[in-house]
Amino acid sequence: MGKENIEKWSLGYEMLRQAVKFWHNVVYYKKVYSLHADRIPVKEQIIFAPNHQNALMDALAVIFTQKTQPVFLARSDIFRKKAVARFLYFIKILPVYRIRDGYAALKKNEEIFRKNIDVLEGDTSLVILPEGNHAPYRRLRRLKKGIMRAAFQAAEKQGFSRDVKIIPVGLEYSDYAKCKQVLIVNYGEPLSLKPFFPLYRENANKALAEATTALSEALKKQIIHIASEEHYDLYNDLRTLFLPEIAEEMQVDPQDPAGRLRAQQTFIARLEQYLGDDRPQADTLAAETKEYVTLLHELRLRNWVLRRRPVTAGGILWRLTALTATLPVFLYGFLANIIPDRLTVHLADKVEDKVFVSSFKFVLSMLLFPLFHLLLTGVAAVVLQDLLYTCLFLASLPVSGALAFRYHIFFKKTRARVRYRRMLRRQDPRLQRLLTLHQELGEKVRQAMKQ
Numbered sequence: 011m012g013k014e015n016i017e018k019w020s021l022g023y024e025m026l027r028q029a030v031k032f033w034h035n036v037v038y039y040k041k042v043y044s045l046h047a048d049r050i051p052v053k054e055q056i057i058f059a060p061n062h063q064n065a066l067m068d069a070l071a072v073i074f075t076q077k078t079q080p081v082f083l084a085r086s087d088i089f090r091k092k093a094v095a096r097f098l099y100f101i102k103i104l105p106v107y108r109i110r111d112g113y114a115a116l117k118k119n120e121e122i123f124r125k126n127i128d129v130l131e132g133d134t135s136l137v138i139l140p141e142g143n144h145a146p147y148r149r150l151r152r153l154k155k156g157i158m159r160a161a162f163q164a165a166e167k168q169g170f171s172r173d174v175k176i177i178p179v180g181l182e183y184s185d186y187a188k189c190k191q192v193l194i195v196n197y198g199e200p201l202s203l204k205p206f207f208p209l210y211r212e213n214a215n216k217a218l219a220e221a222t223t224a225l226s227e228a229l230k231k232q233i234i235h236i237a238s239e240e241h242y243d244l245y246n247d248l249r250t251l252f253l254p255e256i257a258e259e260m261q262v263d264p265q266d267p268a269g270r271l272r273a274q275q276t277f278i279a280r281l282e283q284y285l286g287d288d289r290p291q292a293d294t295l296a297a298e299t300k301e302y303v304t305l306l307h308e309l310r311l312r313n314w315v316l317r318r319r320p321v322t323a324g325g326i327l328w329r330l331t332a333l334t335a336t337l338p339v340f341l342y343g344f345l346a347n348i349i350p351d352r353l354t355v356h357l358a359d360k361v362e363d364k365v366f367v368s369s370f371k372f373v374l375s376m377l378l379f380p381l382f383h384l385l386l387t388g389v390a391a392v393v394l395q396d397l398l399y400t401c402l403f404l405a406s407l408p409v410s411g412a413l414a415f416r417y418h419i420f421f422k423k424t425r426a427r428v429r430y431r432r433m434l435r436r437q438d439p440r441l442q443r444l445l446t447l448h449q450e451l452g453e454k455v456r457q458a459m460k461q
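Each residue of the sequence shown is one higher than the one before, starting from 11 at the first, in our numbering.
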């Protein structure tokens, strides 16, 4: 598989895609939801346009939530080394040359545009990240015109005989950097370029601008878009801390991904109406929310603890008994997986651009865990001298790792509930202030939702 036939279906690529997909959808993320994939038209010329918040993970989110083998466009500087370029072509990535690459390099785009047409005319699709670069904010930034330029030029090369449809794709991560998080991939209604064809013939720049604006508005509907830069933290903190209250006001199940996303989008819109131009009110709410978040960190409590009834002595005893009884399983899984786990975290923490942390964790974990498990299995094979027991040992390594992770989460929740109970009994003034803020902020959230 090379650049010349990148649009063709590849068995080698599909085998690699399925292997990596398992690690992405089952191991790395707690849950991956694909919403409204039925909106993707069949046997039409399609360009997917996802928002760009999380480096490589954004591309993988699109690849692993559909059945086709889409072709991506990426900046040309990553193709400089021949070996790297061959691999990038194998995984279906084409270069795009920019002015900064030199005017001579821009001529190479003609070949890329021809290849785009080959892709669009086939059974596959293009993926272009219209923001151009990534940023870890729940906000759609200004879109580049490159995606529309590529789409219109492809249509023009075909004499405008076929439509080109842009699919806005909203990506929402419960946390950008951590593993075992929730990823929502929200496919929007296709944006047809056919209505823009007459304008493009008359004024190409105006058509590019209007189509780009239309895509921007369509993308905002698929994501959590926090327009306010000054009070970004306020909106972002409240939508996560008080999601149960927001969902209750919306009468949606907070565990339903579509409902949860819709509830947060509605809350942000209504909070904007609630605050309006009242700067003092916004500043006061921001200060209270910041104080609330700070107290949570100082007391080492999680927001969910405050919603639960204080754990009883019997409840603590039950939890401690469960932790003690399952401690051997935890220790086995912990010791069997601690080296690749710590090595992955350590190396990822050294990444300067923090937007790439999740990408590094994903790639490193996918390589290090299987490698370390195979090394341990090799040692076990020598010691056990039995094929069946060796296979059982190999199977136990990832399973015990998953159980150890669950043990760790259960332990942290138990510790938080015990700490909360102890502070309640001591009548810690910081906790009393935290509970007061929780009630007051919750009431203001409900008021905002009634706008």
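We put the beta carbon where it would ideally sit given N, CA and C, even for glycine.
This one's a predicted model, so the numbers in the text were calculated from it and none came from an experiment.
Span separating the alpha-carbon of residue i from that of residue j
| i | j | result |
| --- | --- | --- |
| PRO264 | LEU98 | 39 Å |
| VAL393 | LEU404 | 13 Å |
| THR387 | ARG312 | 39 Å |
| PHE252 | ASN35 | 27 Å |
| HIS383 | VAL94 | 28 Å |
| TYR399 | SER406 | 10 Å |
| LEU295 | LEU451 | 8 Å |
| ASN215 | ALA29 | 43 Å |
| ARG249 | LEU444 | 18 Å |
| ARG435 | VAL355 | 37 Å |
| CYS401 | PHE372 | 26 Å |
| VAL81 | VAL129 | 7 Å |
| LEU285 | GLU301 | 19 Å |
| TRP328 | VAL361 | 42 Å |
| PRO51 | PRO380 | 38 Å |
Unbroken alpha helix (DSSP H) run spanning residue i, endpoints
| i | result |
| --- | --- |
| GLU227 | 214-230 |
| ILE16 | Run containing ILE16: none; DSSP gives neither H nor E here. |
| GLY156 | 156-167 |
| PRO439 | 439-459 |
| HIS307 | 289-308 |
| ARG8 | Outside the displayed range of the chain (11 to 461) lies residue 8, so it cannot be described from this structure. |
Identity of the residues DSSP links to residue i by a beta bridge
| i | result |
| --- | --- |
| LYS41 | VAL192 |
| ALA29 | For ALA29, which the question treats as bridged, DSSP gives no partner whatsoever. |
| PRO350 | Note: PRO350 sits in no beta bridge, so no partner. |
| ALA180 | Looking at the sequence shown, residue 180 is not Ala but Gly. For GLY180, which the question treats as bridged, DSSP gives the partners ASN196. |
| PRO320 | Paired residues: none, contrary to the question. |
| PRO7 | Residue 7 lies beyond the residue range present for the chain, which begins at 11 and ends at 461; the question has no answer from this structure. |
| SER202 | LYS175 |
DSSP state of residue i mapped onto helix, strand, coil
| i | result |
| --- | --- |
| PHE123 | helix |
| ALA187 | coil |
| TYR342 | helix |
| GLU141 | coil |
| ALA237 | coil |
| GLU282 | helix |
| ALA84 | strand |
| VAL367 | helix |
| LEU136 | strand |
| ILE50 | coil |
| ARG96 | helix |
| THR75 | coil |
Host beta strand (DSSP E) of residue i (start-end)
| i | result |
| --- | --- |
| PHE469 | Absent from the model: residue 469. The displayed extent of the chain is 11 to 461, so no value can be given. |
| GLN55 | 55-60 |
Checklist entry - Within the chosen definition, does the region 451-460 reach the region 253-271 through at least 3 CB pairs nearer than 8 Å? => result Taking one beta carbon from each stretch, the region 451-460 and the region 253-271 have 3 or more pairs nearer than 8 Å; the two touch.
Item to check | Three CB pairs or more closer than 8 Å across the region 33-50 and the region 137-152 | outcome: No, because fewer than three Cβ pairs between the region 33-50 and the region 137-152 fall closer than 8 Å, the two stretches do not touch.
Item to check | Cβ contact check for the region 223-235 and the region 178-185: 3 or more pairs under 8 Å | outcome: Three or more beta-carbon pairs separated by less than 8 Å link the region 223-235 to the region 178-185, which places the two stretches in contact.
Checklist entry - How do the region 74-81 and the region 35-48 stand: do at least 3 beta-carbon pairs fall below 8 Å, yes or no? => result Yes, they touch.
Item to check | the region 321-336 contacting the region 420-429, beta-carbon criterion three pairs below 8 Å | outcome: As far as the Cβ criterion goes, the region 321-336 touches the region 420-429, which means the pair count is three or higher.
Next on the checklist: Quick check: the region 186-195 against the region 367-375, are at least 3 beta-carbon pairs closer than 8 Å?
Outcome noted: Enough Cβ pairs lie closer than 8 Å, so yes.
Checklist entry - Below 8 Å, can you find three or more Cβ-Cβ pairs linking the region 156-175 to the region 49-69? => result Under the Cβ criterion (8 Å, minimum of three pairs), the region 156-175 counts as touching the region 49-69.
Checklist entry - Between the region 308-326 and the region 423-430, do at least 3 Cβ pairs fall closer than 8 Å? => result Counting C-beta pairs closer than 8 Å gives three or more between the region 308-326 and the region 423-430, which meets the contact rule.
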